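Asker: Just so you know, the UniProt record's numbering puts 39 at position 39 of the sequence shown, and the rest follows in order with no gaps.
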Amino acid sequence: MFNLALLAARPSDWTHEQFITWWRGEHAEVTYPLPGLRAWRHTAVSSALEPRSEGWDGLSVLSFDDEAAARAALASEQWQAAIRHVGSMRGKRIALLGDEREMFRG
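Dropping the structure here:
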């Protein structure tokens with residue numbers, strides 16, 4: 001798998017619950033149609049492990065078969081629609097692309 005990982009924080013005038021509800025609901029509906037999307041996992045951050053990790057509300061990992069499929073999704077009209085849906089929300093994010101390797105399964 002090849003993943004797009006997104007770490008995001010809500011706008012200052014939203015609650016954590018509002019942001020997670022929006023992300024898993026309204027925003028998810030415009031993201032599901034991404035071409036080549038194989039899986040999507042979302043974590044609602046409940047606490048930071050240490051002070052330097054504070055300030056984030058959620059983590060999404062969108063999975064594709066390979067980098068070419070991920071890049072095609074990012075070039076699609078469906079991705080543009082998802083970006084438009086975020087609009088001028090004023091939250092912050094970190095977006096990363098990379099190859100997934102399973103390191104352990106218990």
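We put the CB at the ideal spot given by N, CA and C, even for glycine. This one's a predicted model, so the numbers in the text were calculated from it and none came from an experiment.
Roughly how many angstroms lie between the CA atoms of Trp14 and Ala73, to the nearest whole one?
Answerer: Here residue 14 refers to the residue found at position 14 when the sequence shown is read from its first residue. Here residue 73 refers to the residue found at position 73 when the sequence shown is read from its first residue. Between Trp14 and Ala73, the C-alpha separation is close to 29 Å.
Asker: In terms of alpha-carbon separation, which member of Leu6, His27, Ala5 lies closest to Gly87?
Answerer: Translated into the one-based positions of the sequence shown, residue 87 becomes position 87. The residue with the shortest Cα to Cα distance from Gly87 is His27.
Asker: Drop a sphere of 10 angstroms on the beta-carbon of Leu96, count the other beta-carbons inside from all chains shown, and report buried for 16 or more, exposed for fewer.
Answerer: Translated into the one-based positions of the sequence shown, residue 96 becomes position 96. So Leu96 counts as exposed.
Asker: Measuring CB atoms only, is the segment 40 to 59 touching the segment 67 to 86, in the sense that at least three cross pairs come out at less than 8 Å?
Answerer: no
Asker: Mark Arg10 as exposed unless 16 or more other C-beta atoms lie within 10 angstroms of its C-beta, in which case mark it buried.
Answerer: On the sequence shown, residue 10 is found 10 positions in, with the first residue counted as 1. Arg10 sits buried, since 16 or more C-beta atoms from the chains shown fall within 10 Å of its C-beta.
Asker: From this set, Tyr32, Phe2, Gly106, which residue's C-alpha is nearest Glu77's C-alpha?
Answerer: Within the sequence shown, the letter at position 77 stands for residue 77. Of the candidates Tyr32, Phe2, Gly106, the one whose C-alpha sits nearest the C-alpha of Glu77 is Tyr32.
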